[in-house]
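Peer 1:
2 protein chains.
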Amino acid sequence: MLSRREREKERQRQEMMTAALNLFSEKGYHNVTMHEIAGKAEFAVGTIYKFFRNKEDLYKALILEKAQELKTTILEAVGESADEVDKLRNFVRAKGEIFRAQIPVVRLYFSETHGESFSMLAGLDAEVRTLHNEFLKELAAIFAAGVAKKRFKKTADPYYLAVALDGITTAFLFLWLEAPERHSYPENPDVILNILFKGLLDQ
Amino acid sequence: MLSRREREKERQRQEMMTAALNLFSEKGYHNVTMHEIAGKAEFAVGTIYKFFRNKEDLYKALILEKAQELKTTILEAVGESADEVDKLRNFVRAKGEIFRAQIPVVRLYFSETHGESFSMLAGLDAEVRTLHNEFLKELAAIFAAGVAKKRFKKTADPYYLAVALDGITTAFLFLWLEAPERHSYPENPDVILNILFKGLLDQ
DNA sequence: ATATTTAATGACGCTATATTCATTTTATGG
DNA sequence: CCATAAAATGAATATAGCGTCATTAAATAT
Chain C
4 MLSRREREKE RQRQEMMTAA LNLFSEKGYH NVTMHEIAGK AEFAVGTIYK FFRNKEDLYK
64 ALILEKAQEL KTTILEAVGE SADEVDKLRN FVRAKGEIFR AQIPVVRLYF SETHGESFSM
124 LAGLDAEVRT LHNEFLKELA AIFAAGVAKK RFKKTADPYY LAVALDGITT AFLFLWLEAP
184 ERHSYPENPD VILNILFKGL LDQ
Chain V
4 MLSRREREKE RQRQEMMTAA LNLFSEKGYH NVTMHEIAGK AEFAVGTIYK FFRNKEDLYK
64 ALILEKAQEL KTTILEAVGE SADEVDKLRN FVRAKGEIFR AQIPVVRLYF SETHGESFSM
124 LAGLDAEVRT LHNEFLKELA AIFAAGVAKK RFKKTADPYY LAVALDGITT AFLFLWLEAP
184 ERHSYPENPD VILNILFKGL LDQ
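Going down the list, the sequences are from chains C and V. Counting from 4, one number per residue, gives the positions in the first sequence under our numbering. Counting from 4, one number per residue, gives the positions in the second sequence under our numbering.
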């Protein structure tokens with residue numbers, strides 16, 4: 004068990020991270036100063052440097068911790084059912100819910116996975132990609148299982164189906180993130196899933 | 004017609020833009036200095052400021068010009084056929100080809116549309132999004148036409164289908180962009196399109 | 001209550017870099 | 001061939017912001 008001292012430290016660390024998260028996700032890595040972060044977290048700059056070697060270190064810790072959280076949360080939701088179709092429904096629903104609940108995290112995560120990320124230079128990129136890829140493989144396993152059980156027709160390689168479903172949900176979420184007043188992420192997961200479930204072409 | 008002087012100016016402007024494009028797409032906006040751009044373009048810093056008010060101005064001009072080009076090129080390819088299925092095939096194929104041919108542009112474009120973009124603050128973001136949305140509407144029109152002609156079943160709202168197809172192709176292209184040695188963007192557009200064309204569920 | 005250790009602070013040094021502008025170079029026209 | 005205008009140059013300036021560290025405050029031990 005953690006000592007009072009250690010718990011206190013952890014709490015402080017979290018407060019710094021939260022402040023940094025909100026600022027980074029709002030303005031991007033380079034447009035946030037350590038002084039801003041310190042101000043928002045209500046610490047002095049020097050104190051932050053007691054917890055993180057430097058700005059980049061803080062950013063990396065943030066990204067990795069949050070990416071882990073996203074992956075875990077979604078996979079937990081998926082695991083709640085044994086049926087493949089329901090697993091997919093849970094995935095689509097959980098992804099939407101997480102977005103709603105954690106917009107700053109998601110903004111940051113996308114800027115890392117899709118965007119101009121300073122860490123393309125450093126090594127963080129690879130770790131985040133690995134995480135995402137592990138996630139895609141879990142999704143692919145659901146499609147594979149569905150095919151094996153004759154629940155699904157094999158319309159494409161399971162990994163491709165995973166990429167596709169992940170891509171579709173992401174696209175919908177961007178739409179919503181950009182203009183929440185114009186586009187909503189469907190409440191009913193089947194609105195999205197039917198695009199895969201039902202064939203566009205007759206026969 | 005443009006005078007010799009004017010044509011020369013335009014050529015210079017293009018060279019500056021190309022240098023900036025390559026640097027920005029490689030290292031991101033904030034990790035590129037005006038001196039680097041000047042060096043790569045083989046001009047003095049001061050000369051660049053004769054063409055662009057400042058760094059941000061150069062970046063904006065670059066993004067908008069290239070986003071326009073992408074949209075135009077893809078829509079031209081789509082327009083080459085009258086048949087809806089072939090239009091979609093052309094779309095998937097053209098998007099792949101452009102990526103291959105213009106990796107720096109695409110990297111830059113994604114960093115703007117999906118990523119940590121400094122211009123979230125400035126107004127550029129909106130213009131790029133508008134452009135992308137116009138594009139989605141054209142894609143939606145194809146689905147709508149296909150449904151009207153009974154070529155397609157209406158598995159979802161046409162705009163949603165457009166979002167989905169755009170999302171899927173983007174997801175495949177990211178995969179390829181991240182690890183070209185492991186994942187290739189399918190040569191045959193039907194590998195992607197079958198995910199929409201054929202239904203996953205029996206019945 | 002006092003000494004000692006541990007933590008927090010934030011002003012300051014230093015570097016990096018965007019932009020300017022006095023000077024040099026090149027082009028134009030008489 | 002010279003005079004004048006237009007363009008290009010890059011050294012110098014101004015500023016922003018990361019990270020340090022001497023100082024102060026708080027916690028803990030004696």
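Think of the CB as a built atom: it goes at the ideal place given N, C-alpha and C, for glycine as much as any other residue.
Using a Cβ-Cβ cut-off of 8 Å, state whether V:Arg132 counts as contacting chain C.
Peer 2: As a first step, residue 132 of chain V must be located in the second sequence, where it is residue number 129. With 8 Å as the cut-off, V:Arg132 counts as an interface residue toward chain C.
Peer 1: Do C:Tyr163 and C:Phe102 have their beta-carbon atoms positioned less than 8 Å apart in this structure?
Peer 2: Against the first sequence, residue 102 of chain C aligns to sequence position 99. Against the first sequence, residue 163 of chain C aligns to sequence position 160. Going by C-beta atoms, C:Phe102 is not nearer than 8 Å to C:Tyr163.
Peer 1: Kindly indicate which residue of C:Arg96, C:Ile51 and C:Lys30 has the alpha-carbon position closest to the one of C:Arg14.
Peer 2: By 1-based counting over the first sequence, the position of residue 14 of chain C is 11. Comparing Cα positions, the closest option is C:Ile51.
Peer 1: In chain C, which residues lie with their C-beta within 7 Å of the C-beta of V:Ala167?
Peer 2: As a position in the second sequence, residue 167 of chain V is number 164, starting the count at 1. The answer, in chain order, is Ile171, Ala174 and Ile198.
Peer 1: Any idea if C:Glu87 is buried or exposed, counting beta-carbon neighbours within 10 angstroms, 16 or more meaning buried?
Peer 2: In the first sequence, the residue the question calls residue 87 of chain C occupies position 84. When all chains shown are included, C:Glu87 counts as buried.
Peer 1: With 16 as the cutoff for other CB atoms within 10 Å, does C:His135 come out buried or exposed?
Peer 2: Numbered from its first residue, the first sequence carries residue 135 of chain C at position 132. It is buried - the Cβ of C:His135 has at least 16 other Cβ atoms within 10 Å.
Peer 1: How far does the alpha helix (DSSP H) with C:Arg96 in it extend, from its first residue to its last?
Peer 2: Looking up residue 96 of chain C in the first sequence gives position 93. That run of the alpha helix (DSSP H) goes Glu87 to Ala104.
Peer 1: Would you tell me roughly how many angstroms separate the C-alpha atoms of C:Met123 and C:Ala85, rounded to the nearest one?
Peer 2: Here residue 123 of chain C corresponds to residue number 120 of the first sequence, with the count starting at 1. Here residue 85 of chain C corresponds to residue number 82 of the first sequence, with the count starting at 1. Note that C:Met123 has pLDDT 48, beneath the 50 cutoff, so the model's placement of it is unreliable and the number below is only indicative. Approximately 38 Å, taken between the alpha carbons.
Peer 1: Who are the near neighbours of C:Val95 in its chain, counting only those whose CB is closer than 7 Å to its CB and skipping five residues on each side?
Peer 2: Locating residue 95 of chain C in the first sequence gives position 92, where the first residue counts as 1. Within the same chain, C:Val95 has close Cβ partners Thr172, Pro192, Ile195 and Leu196.
Peer 1: Report back the beta-carbon spacing between V:Leu142 and V:Leu178 to the nearest angstrom; my notes put them in contact at under 8 Å.
Peer 2: Along the second sequence, read from residue 1 onward, the residue named residue 142 of chain V stands at position 139. Along the second sequence, read from residue 1 onward, the residue named residue 178 of chain V stands at position 175. Contact flag wrong, Cβ pair sits at about 21 Å.
Peer 1: How would you write the range of the alpha helix (DSSP H) that C:His38 sits in, first residue to last?
Peer 2: Reading the first sequence from its first residue, position 35 is the one you call residue 38 of chain C. Taken as a continuous stretch (DSSP letters only), the alpha helix (DSSP H) holding C:His38 covers Met37 to Ala44.
Peer 1: Could you pull the start and end residues of the alpha helix (DSSP H) that C:Gly31 belongs to?
Peer 2: Start at 1 with the first residue of the first sequence, and residue 31 of chain C comes out as number 28. No alpha helix (DSSP H) holds C:Gly31; DSSP gives it neither H nor E.
Peer 1: Could you tell me the distance, in whole angstroms, from the CA atom of C:Ile198 to the CA atom of C:Leu91?
Peer 2: As a working note, residue 198 of chain C is residue 195 in the first sequence. As a working note, residue 91 of chain C is residue 88 in the first sequence. Spanning the two alpha carbons is a distance of roughly 13 Å.
Peer 1: What do you reckon, are the CB atoms on C:Leu26 and C:Lys69 nearer than 8 Å?
Peer 2: Along the first sequence, read from residue 1 onward, the residue named residue 26 of chain C stands at position 23. Along the first sequence, read from residue 1 onward, the residue named residue 69 of chain C stands at position 66. Taking 8 Å as the Cβ cut-off, C:Leu26 and C:Lys69 do not qualify as a contacting pair.
Peer 1: What residues from chain V crowd round C:Glu39, counting only those whose CB sits closer than 8 Å?
Peer 2: Stepping through the first sequence from its first residue, residue 39 of chain C is reached at position 36. Residues of chain V passing the Cβ test: none, with the nearest at roughly 14 Å.
Peer 1: Measuring straight from C-alpha to C-alpha, what distance separates C:Gly149 and C:Leu78?
Peer 2: In the first sequence, counting from the first residue as 1, residue 149 of chain C sits at position 146. In the first sequence, counting from the first residue as 1, residue 78 of chain C sits at position 75. Distance between the alpha carbons of C:Gly149 and C:Leu78: 17 Å.
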